[in-house]
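Participant:
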Amino acid sequence: MSRYLELAAEWREIIVQKSKFLSELEMEDWRVAVLNWKFGVGLGAAWFLFRRVRNRQHYHHLCEYEYGQYKNVPDWLPSINGRTLDFLAWICNTQVGDLLINKIIMTVVGVPKFRTLKITEGPTFFPFAPHNLPVASLREPVDISGLEKAHKELSYVPNEFRYRRAFEYVQAYRNSQLTPLDVAERIIETIKITNPSLKMLCDWHPEMILEQARESTERYISGKILSPLDGTFCVVKDQISVAGHCNRSGLSFINKIEDEDAPLVTKVRDAGIIIVGISNMTELGMSVFGANPSSYHGTCRNPINTDYYPGGSSSGTAAAICSGLVPFGIGTDGGGSIRMPSCQTGIVGLKTTFSRVSANSYAKAKTCCSTVANIGPMASNIIDLALFYQVLAGPIRGDAFSMAQPKVKVPKELTPYLDGIKIGVDWKWAELSRPEVFINFKKKIEYLAERGARIIGVDIPELDFISTGHLISIVSEGSEAIGEALNKQRKIAPDNVVILNAGLSCCMASDFTLAAKYRTRLMTYLKGLFKTIDVLANPTCAQTAERILDGDENGSWKFGATLRYMMYVKLSNYSGIPSMSVPSGFAPNGLPTGIMLQINYPPVRLICSKSLTIVNLSKSLFCAISTKFKLTQSINS
């Protein structure tokens with residue numbers, strides 16, 4: 243023990259002597275030390291200021307199409323809400339966020355890798371497909387006799403619940419069994435009961451509904467109806483101007499009442515269709531789930547199971563149709579916003595060919611992503627979808643793209659058989675969806691094969707680049723459109739602040755141009771692909787609806803789930819081809835799944851030669867699915 247004490251004393255003495263030596267040295271050489279410190283700082287500052295800004299990097303020259311980019315969404319991607327999300331939104335708007343977090347987000351979605359691409363094709367900013375077909379004229383009538391015949395012949399699957407089709411309303415009016423005013427009164431009562439919990443509509447006025455219904459009733463009495471859809475009902479998404487209502491784009495700080503209808507709404511009114519109100523949507527159309535923390539809107543609920551989101555961003559339109567309130571409605575789609583909620587609520591939704599439905603009515607939207615966004619119909623069944631499509635489609639004065647569209651046509655006949663139709667399926671890509679989604683998708687493909695379709699395996703190349711190119715396009719446009727509100731620190735949901743700040747700080751003009759070049763490459767590939775197949779089929783979403791969690795009321799950021807929702811839908815937005823979601827069945831948890839059908843350029847094929855194909859596919863799928871919904875009270879009960 244004494245030996246250890248002696249060693250400790252020796253070490254203590256050595257340390258004391260060393261400390262005195264260092265202290266004396268510092269006193270003598272402090273000037274040298276300060277000079278060395280200043281020199282080091284100066285050298286570091288010079289390196290930082292004069293370093294190469296653009297690092298030397300290897301550019302990836304794209305010549306032949308590159309296959310095999312099948313990557314599943316990693317499970318470790320964050321899902322946050324509440325105070326954590328508020329903190330993330332705050333820090334993203336600081337220098338630290340600008341230098342670190344925003345760049346991490348852009349890296350995860352592949353922007354740095356996309357910047358290394360060397361593409362020889364020229365840019366295509368608007369995915370418009372030229373054609374040499376007869377151009378439609380203003381207010382040209384459309385022959386819908388084929389749809390009327392299909393409505394009469396279409397058999398019903400026995401269900402506990404069945405949607406009422408538009409033709410059923412019209413037939414009841416003609417037979418004097420009902421009047422539009424009778425139905426309007428029941429709709430108003432239904433809204434009063436269900437809307438406080440479902441939040442389908444964000445702006446509606448009973449007196450406006452009744453006024454339109456009285457006018458329609460008088461037209462039926464006098465025999466002067468405006469169209470075969472006179473007296474039917476629809477809702478309009480909160481991105482399109484309707485006179486007497488606010489066009490908020492899901493935001494809470496916009497309160498201006500619109501003085502006039504958007505051109506598309508005018509077409510709807512000219513057909514005698516009654517507008518029930520403005521349907522809810524996610525804030526700025528940015529959430530794929532349906533969440534909206536806005537005090538004015540609130541989060542819309544899924545009528546199939548109100549513990550879940552209905553999908554977004556056309557959440558209110560989907561919920562209104564799914565609950566049986568209206569047979570059809572207007573949605574918008576910049577990255578699946580028609581098809582995703584249609585999938586999650588078990589209805590039918592069509593993202594039309596680029597500019598097939600004029601985007602002029604979208605002009606006042608606060609996030610008008612004009613290179614990828616489309617307006618389209620949503621409906622409870624394929625017949626009503628086609629009927630409402632022919633009302634919306636066609637030229638509108640002042641929109642150059644819509645004035646150059648072919649004539650609007652709908653099928654003359656529907657048949658359940660698909661002999662000779664070639665359906666392309668990228669099985670490796672489809673298998674990236676959740677098992678319950680893929681099982682239903684595979685069953686429906688097998689069903690279509692039994693109906694005579696020929697199933698052809700295909701490989702879609704460069705899926706990572708397709709995803710990143712679309713993201714750059716939509717985030718760049720959306721960030722620019724809402725940049726003023728961000729700068730003024732207006733009340734915007736924290737999840738949107740994170741996304742938009744990343745877009746504003748990280749997406750450059752060169753990125754947008756590169757994405758336009760890649761669009762040209764993608765459109766060229768798809769034209770070649772559709773020479774070998776008639777229809778490309780995918781799951782609509784890679785998973786079922788997300789559950790609404792505690793803490794989501796002020797916004798939620800589910801990075802992984804967002805990527806799974808959008809995995810398949812971005813292709814058609816980026817390239818401009820038409821795409822439709824129809825139900826494929828139900829998962830074990832009772833939530834719907836969807837199958838998505840995409841067809842080729844030019845746009846006439848959607849409504850002419852190939853329209854028969856896509857409507858037949860949808861009819862076969864729709865008739866094959868036994869839908870037993872647990873719905874809220876509706877006018878159909």
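Sequential numbering of the sequence shown, starting at 243, is according to the numbering used here.
Idealized CB from N, CA, C, for every residue including glycine.
Which residue's Cα is closest to the Cα of K441: E692, G514, V667, A561?
Facilitator: Per the Cα distances, A561.
Participant: In angstroms with no decimal places, state the Cα-to-Cα distance between L713 and I589.
Facilitator: Near 26 Å, if we compare the C-alpha coordinates of I589 and L713.
Participant: Going by DSSP in three states, G578 sits in which element: helix, strand or coil?
Facilitator: G578 falls in the coil class under three-state DSSP.
Participant: Please list, in chain order, all residues of the same chain as Y309 whose beta carbon is under 6 Å from its beta carbon, the five residues on each side excluded.
Facilitator: So the list reads D701, P703, once near-sequence residues are dropped.
Participant: Rounding to the nearest angstrom, what Cα-Cα distance links G532 and G324 in this structure?
Facilitator: Rounded to whole angstroms, G532 to G324 spans 17 Å at the Cα level.
Participant: Using C-beta distances below 6 Å, list every residue in its chain close to K479, excluding the 5 sequence neighbours before and after it, in chain order.
Facilitator: If we look at K479 and ignore the five residues flanking it on each side, its Cβ neighbours are S521, M523, S556, T559, I572, G573, T574.
Participant: Quick one: what does DSSP say S826 is sitting in, helix, strand or coil?
Facilitator: Strand at S826.
Participant: Considering just the uninterrupted stretch of the alpha helix (DSSP H) at N738, what are its terminal residues?
Facilitator: Segment 736-748, the alpha helix (DSSP H) holding N738.
Participant: Could you check whether P569 and F475 sit closer than 8 Å to each other, using their CB atoms as the reference points?
Facilitator: Taking 8 Å as the Cβ cut-off, F475 and P569 qualify as a contacting pair.
Participant: Considering only residues of the same chain and omitting the five flanking positions on each side of Q875, which have a CB-CB separation below 8 Å?
Facilitator: At Q875, the pLDDT of 28 sits below 50, so the modelled position is not reliable and the matter cannot be decided from this model.
Participant: What residue range does the beta strand (DSSP E) around S321 cover?
Facilitator: Start and end: 321-323.
Participant: Would you mind reading off the limits of the alpha helix (DSSP H) that contains K509?
Facilitator: K509 -> alpha helix (DSSP H) spans 505-512.
Participant: Can you give the Cα-Cα distance for M645 and K593, rounded to whole angstroms?
Facilitator: Going from the Cα of M645 to the Cα of K593 covers about 19 Å.
Participant: Can you find the residues in the same chain that come closer than 7 Å, C-beta to C-beta, to Y415, ignoring five residues on each side of it along the sequence?
Facilitator: Correct list, in chain order: T421, P422, Y462, G473.
Participant: Can you give me the Cβ contacts of S853 inside the same chain, cut-off strictly under 6 Å, excluding the 5 residues immediately before and after it?
Facilitator: With a pLDDT of 34 at S853, under the threshold of 50, the modelled position of that residue is not reliable, and no figure is offered here.
Participant: On the DSSP bridge list, what partners appear for N616?
Facilitator: Paired residue(s): D575.
Participant: When we look at the beta-carbon of R639 and count the other beta-carbons within 10 Å, is it buried (16 or more) or exposed?
Facilitator: By the 10 Å Cβ count, R639 comes out exposed.
Participant: By the 10 Å Cβ neighbour count, where 16 or more other Cβ atoms means buried, how is H487 classified, buried or exposed?
Facilitator: Buried.
Participant: Quick check for students: name the residue ranges of the alpha helix (DSSP H) that lie wholly in the region 737-821, counting only runs of 4 or more.
Facilitator: Listed in chain order, they are 751-771, 801-807, 812-817.
Participant: Less than 8 Å between the beta carbons of R581 and S823, yes or no?
Facilitator: Yes, the Cβ-Cβ distance between R581 and S823 is below 8 Å.
Participant: Take Y411 and list the residues in its own chain whose beta-carbon comes closer than 6 Å to its own, dropping the five residues that flank it on each side.
Facilitator: The answer, listed in chain order, is T474.
Participant: Between which residues of its own chain and N682 is the CB-CB distance below 6 Å, once the five residues before and five after are set aside?
Facilitator: The answer, listed in chain order, is S826, G827, T835.
Participant: With DSSP as the reference, please indicate the residues paired to Y550 in a beta bridge.
Facilitator: BP columns for Y550 point to R789.
Participant: Taking C-alpha atoms, which residue in A784, T710, D792, C783 lies nearest to D753?
Facilitator: Looking at the Cα atoms, T710 is the closest of the given residues.
Participant: With distances taken between CB atoms, is the gap from S494 to S537 smaller than 8 Å?
Facilitator: For S494 and S537, yes; Cβs fall inside 8 Å.
Participant: Given that a residue counts as buried once 16 or more other Cβ atoms are within 10 Å of its Cβ, and exposed if not, what is P320?
Facilitator: Label assigned to P320: exposed.
Participant: Rounded to a whole number of angstroms, what is the C-alpha to C-alpha distance between I617 and P369?
Facilitator: Those two C-alpha atoms are separated by around 15 Å.
Participant: Could you say which of L359, L627, L805 lies nearest to E306 if we only look at CA atoms?
Facilitator: When each option's Cα is compared against that of E306, the closest is L359.
Participant: Tell me which residues share the same chain as L833 and place their Cβ nearer than 6 Å to its Cβ, disregarding the 5 neighbours each side in the sequence.
Facilitator: T786, A787, listed in sequence order.
Participant: Measure how close the beta-carbons of A884 and I451 come, nearest whole angstrom, since I'm counting them as under 8 Å.
Facilitator: Nothing can be reported for residue 884, as the shown portion of the chain is limited to 243 through 879.
Participant: Short check: CB of K812 to CB of I708, under 8 Å?
Facilitator: Yes, Cβ-Cβ distance for K812 and I708 is below 8 Å.
Participant: Terminal residues of the continuous alpha helix (DSSP H) containing C564?
Facilitator: 557-564 is the extent of the alpha helix (DSSP H) around C564.
Participant: Decide yes or no for the touch test of the region 444-458 against the region 511-520: beta carbon pairs closer than 8 Å, at least 3 of them.
Facilitator: They touch, by the three-pair rule.
Participant: Quick one: Cα of S721 to Cα of V353, how far?
Facilitator: About 16 Å.
Participant: If I follow the unbroken alpha helix (DSSP H) through P354, where does it start and stop?
Facilitator: 353-357 is the span of the alpha helix (DSSP H), which, as asked, contains P354.
Participant: Which residues mark the beginning and the end of the beta strand (DSSP E) in which M838 is found?
Facilitator: Segment 834-840, the beta strand (DSSP E) holding M838.
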